[in-house]
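*Asks:* Per the numbering used here, residue 56 is the first one in the sequence shown, and the count goes up by one each step.
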Amino acid sequence: MRVSCEVIRDLLPLYAEDIASKDTRMLVEGHLESCPDCAKELEDMKKQLGNVLPVDAYTKPIKKLRNTLFKKKLQTIILTVMLTLTIAAVIIANLTAPDYIPYSRDVMDITEKSDGTILVEFREDVTGYDLKHFETEDKSGYEYYITTWNSYWSRNIIKNTVQNMVLNPDGEKVSAVYYYHTDGSDSVLIYGKDQHPDGGTLLLPRLVLGYYLLIALIMFALSVLLFFKFYQNKKVRDWLVRIAAVPGSYVIGHFCVKGACSSTYNAVRDIIAIVTIAVLLYIIFLLALALFNYYKRKAGKV
Numbered sequence: 056m057r058v059s060c061e062v063i064r065d066l067l068p069l070y071a072e073d074i075a076s077k078d079t080r081m082l083v084e085g086h087l088e089s090c091p092d093c094a095k096e097l098e099d100m101k102k103q104l105g106n107v108l109p110v111d112a113y114t115k116p117i118k119k120l121r122n123t124l125f126k127k128k129l130q131t132i133i134l135t136v137m138l139t140l141t142i143a144a145v146i147i148a149n150l151t152a153p154d155y156i157p158y159s160r161d162v163m164d165i166t167e168k169s170d171g172t173i174l175v176e177f178r179e180d181v182t183g184y185d186l187k188h189f190e191t192e193d194k195s196g197y198e199y200y201i202t203t204w205n206s207y208w209s210r211n212i213i214k215n216t217v218q219n220m221v222l223n224p225d226g227e228k229v230s231a232v233y234y235y236h237t238d239g240s241d242s243v244l245i246y247g248k249d250q251h252p253d254g255g256t257l258l259l260p261r262l263v264l265g266y267y268l269l270i271a272l273i274m275f276a277l278s279v280l281l282f283f284k285f286y287q288n289k290k291v292r293d294w295l296v297r298i299a300a301v302p303g304s305y306v307i308g309h310f311c312v313k314g315a316c317s318s319t320y321n322a323v324r325d326i327i328a329i330v331t332i333a334v335l336l337y338i339i340f341l342l343a344l345a346l347f348n349y350y351k352r353k354a355g356k357v
């Protein structure tokens, strides 16, 4: 039985899109062999289908745009969080900065126990202490240097006290205990025999932060010089900006914690605070730089 052209043309869309059954394809192909009009109709239909973009051609740009917008929104949120954390870190670093307590007889009590250990009991307002010890010149024992402090944080926000301490838990001989000051005045003998009868003892602050600050400033200056030297090379220039931000972040962190001062009696605490703030600042810089470049490119396309 011969199938009419009208029926075949109804089946041509299924055939052209390759979704017809095997029997239908055989029927259409048999008709096309003897009907040039339907064959031409099929060719025209294939050309029209060839000009129609696949669904992915429309959805991929939309998905790409959606992913880009989500990424930038996420970067903005992280940037806001980092800014908040940085401000909080600076505030906490300053509120917990030690306020050293001048010596008075009631700052601490020193008691020698029967086993030879030395017990130190602190006053209630003492929330921290620093202890250093050195072997005496005659190698007969050790001399200890101690100071105490509290902070605005411990006095007004989270009040706490420091626990009592044993100076020589391993039974070392305590020849003398001095209370040292951070204002440049001589240390005060509070236990034992004075190991320096010919003159006062003075414990100097550490200057390590000053060396770190100087190294950071030199690295920053070198990065800036190289930036201008290779300004025409965009790739090198972009990397130098990121490199310069490392010492730059440290310098800002130093001034946030110590101001213009570079001496310290508590180097570990200050270095941890400075590095923490510097890392947060560097992350903020990278996020801000990425967002700046994105909006700069976006503005250039408008």
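Quick reminder that beta carbons are idealized off the backbone N, C-alpha and C, glycines included.
Just the C-alpha distance for Ile-201 and Phe-310, rounded to the nearest angstrom, thanks.
*Replies:* Here the question's residue 201 lines up with position 146 in the sequence shown. Here the question's residue 310 lines up with position 255 in the sequence shown. Between Ile-201 and Phe-310, the C-alpha separation is close to 27 angstroms.
*Asks:* Please name the residue or residues paired with Ile-201 in a DSSP beta bridge.
*Replies:* As a first step, residue 201 must be located in the sequence shown, where it is residue number 146. Paired residue(s): Leu-186, Tyr-234.
*Asks:* Do Tyr-320 and Asp-238 have their C-beta atoms closer together than 8 angstroms?
*Replies:* As a position in the sequence shown, residue 320 is number 265, starting the count at 1. As a position in the sequence shown, residue 238 is number 183, starting the count at 1. No, the Cβ-Cβ distance between Tyr-320 and Asp-238 is not below 8 angstroms.
*Asks:* How do the segment 215-228 and the segment 139-152 stand: do at least 3 beta-carbon pairs fall below 8 angstroms, yes or no?
*Replies:* These segments do not touch.
*Asks:* Would you list, in sequence order, the uninterrupted beta strand (DSSP E) runs of no fewer than 3 residues that lie entirely inside the segment 291-335?
*Replies:* DSSP runs (the beta strand (DSSP E)) wholly in the segment 291-335: none.
*Asks:* Can you give the beta carbon distance from Ser-278 to Leu-257, rounded, assuming they're within the 8 angstroms contact cut?
*Replies:* Working through the sequence shown from its first residue, we reach residue 278 at position 223. Working through the sequence shown from its first residue, we reach residue 257 at position 202. So it is not a contact: roughly 39 angstroms between Cβ atoms.
*Asks:* Are there 16 or more other CB atoms within 10 angstroms of the CB of Glu-198, so buried, or fewer, so exposed?
*Replies:* To locate residue 198, count along the sequence shown from 1; it is residue 143. Glu-198 should be labelled buried.
*Asks:* Name the residue from Ile-165, Ala-231, Pro-224 whose alpha carbon lies nearest to the alpha carbon of Pro-252.
*Replies:* Position 197 of the sequence shown, counting from 1, holds the residue named residue 252. Considering only alpha carbons, the answer is Ala-231.
*Asks:* Which value, in whole angstroms, describes the spacing of the CA atoms of Ile-329 and Leu-295?
*Replies:* As a working mapping, residue 329 is identified with position 274 in the sequence shown. As a working mapping, residue 295 is identified with position 240 in the sequence shown. When rounded, the distance between both Cα atoms is 22 angstroms.
*Asks:* Here's the rule I'm using: 16 or more other beta-carbon atoms within 10 Å means buried, otherwise exposed. How should Met-163 be labelled?
*Replies:* Position 108 of the sequence shown, counted from the start, is the residue given in the question as residue 163. Buried is the call here.
*Asks:* Go ahead and pull the three-state DSSP assignment for Asp-180.
*Replies:* As a first step, residue 180 must be located in the sequence shown, where it is residue number 125. Three-state result, Asp-180: coil.
*Asks:* Among residues of its own chain, excluding the 5 on either side of Pro-260, which ones have a beta-carbon nearer than 8 angstroms to its beta-carbon?
*Replies:* By one-based count along the sequence shown, residue 260 stands at place 205. Same-chain partners within the cutoff: Thr-237, Ser-318, Thr-319, Tyr-320.
*Asks:* Tell me whether Leu-129 is buried or exposed, calling it buried when 16 or more other Cβ atoms sit within 10 Å of its Cβ.
*Replies:* Taking the sequence shown and counting its residues from 1, the one referred to as residue 129 is at position 74. Classification for Leu-129: exposed.
*Asks:* Out of Thr-191, Asp-170, Ser-209, which one is the CA nearest neighbour of Pro-224?
*Replies:* Indexing the sequence shown from 1 puts residue 224 at position 169. For Pro-224, the nearest C-alpha among the options comes from Asp-170.
*Asks:* Candidates Met-100, Val-181, Thr-135: which alpha carbon is nearest Pro-157's?
*Replies:* The count along the sequence shown starts at 1 and reaches residue 157 at position 102. With distances taken between Cα atoms, Pro-157 lies closest to Val-181.
*Asks:* Ignore the nearest five residues each way along the sequence and tell me which others in Thr-166's own chain have a CB closer than 6 angstroms to its CB.
*Replies:* The residue you call residue 166 lines up with position 111 of the sequence shown. Correct list, in chain order: Leu-174.
*Asks:* Our contact map puts Leu-69 next to Thr-79 with C-beta atoms below 8 angstroms; I'd like the distance itself, whole angstroms only.
*Replies:* For the purposes of this step, residue 69 is identified with residue 14 of the sequence shown, where counting begins at 1. For the purposes of this step, residue 79 is identified with residue 24 of the sequence shown, where counting begins at 1. The pair is a contact, with the Cβ atoms about 7 angstroms apart (cut-off 8 angstroms).
*Asks:* Once the 5 residues before and after Ala-271 are set aside, which same chain residues still bring their CB inside 7 angstroms of it?
*Replies:* For this step, residue 271 is matched to residue 216 along the sequence shown. These residues qualify, in order along the chain: Pro-302, Tyr-305, Val-306.
*Asks:* Grab me the residues of Tyr-113's own chain with a C-beta within less than 6 angstroms of its C-beta, minus the 5 sequence neighbours each way, in chain order.
*Replies:* For this step, residue 113 is matched to residue 58 along the sequence shown. Only weak support exists for where Tyr-113 lies, its pLDDT of 48 falling under 50; the value from the coordinates is given anyway. The answer is none, since no qualifying residue turns up.
*Asks:* Give the single residue among Ile-146, Ile-63, Gly-314, Ile-245 whose Cα lies nearest to the Cα of Met-81.
*Replies:* Taking the first residue of the sequence shown as 1, we reach residue 81 at position 26. Comparing Cα-Cα distances from Met-81 to each of Ile-146, Ile-63, Gly-314, Ile-245, the minimum goes to Ile-63.
*Asks:* Which residues does DSSP list as the beta-bridge partners of Gly-247?
*Replies:* The residue given as residue 247 occupies position 192 in the sequence shown. Answer by DSSP bridge pairing, in chain order: Ala-231.
*Asks:* Which residues mark the beginning and the end of the beta strand (DSSP E) in which Thr-166 is found?
*Replies:* Against the sequence shown, residue 166 aligns to sequence position 111. Element bounds for Thr-166: 163-167.
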